Amino acid sequence: MTPSPMMEVFDSIAQIEHIVRKFRELIDTDASIPPELRGVLHATLDHHLLAAKTRVLNVVRTQ
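Using numbering that gives the first Met the number 0, the letters of the sequence shown correspond one by one to residues 0 to 62.
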């Protein structure tokens, strides 16, 4: 049985969120990253996470 398109979307979004979560862990645990830069890096990740989710959802809408 093949997964529904929405299930594929949810799986893709979950994978993207997992990758972003791993980057956040790296940012938070790397002592060489100054605290003021951490905030900027997290904001950048938030921006890219939202953009990636939008792209995935747009692919489904166009199908």
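Where a beta carbon is used, it is the ideal one built from N, C-alpha and C, also for glycine. These numbers come from a predicted model, not from an experiment.
- With the rule of 3 Cβ pairs closer than 8 Å, the stretch 8-15 does not count as touching the stretch 34-46.
- Glu-35 and Ile-15 have their C-alpha atoms roughly 25 Å apart.
- Annotated as distal: Pro-4 and Val-55, with beta-carbon spacing of 7 Å or more.
- Judged by their CB atoms, Leu-49 and Ile-26 are not nearer to each other than the 7 Å cut-off.
- Counting only the Cα atoms, Ala-51 lies some 12 Å from Ile-18.
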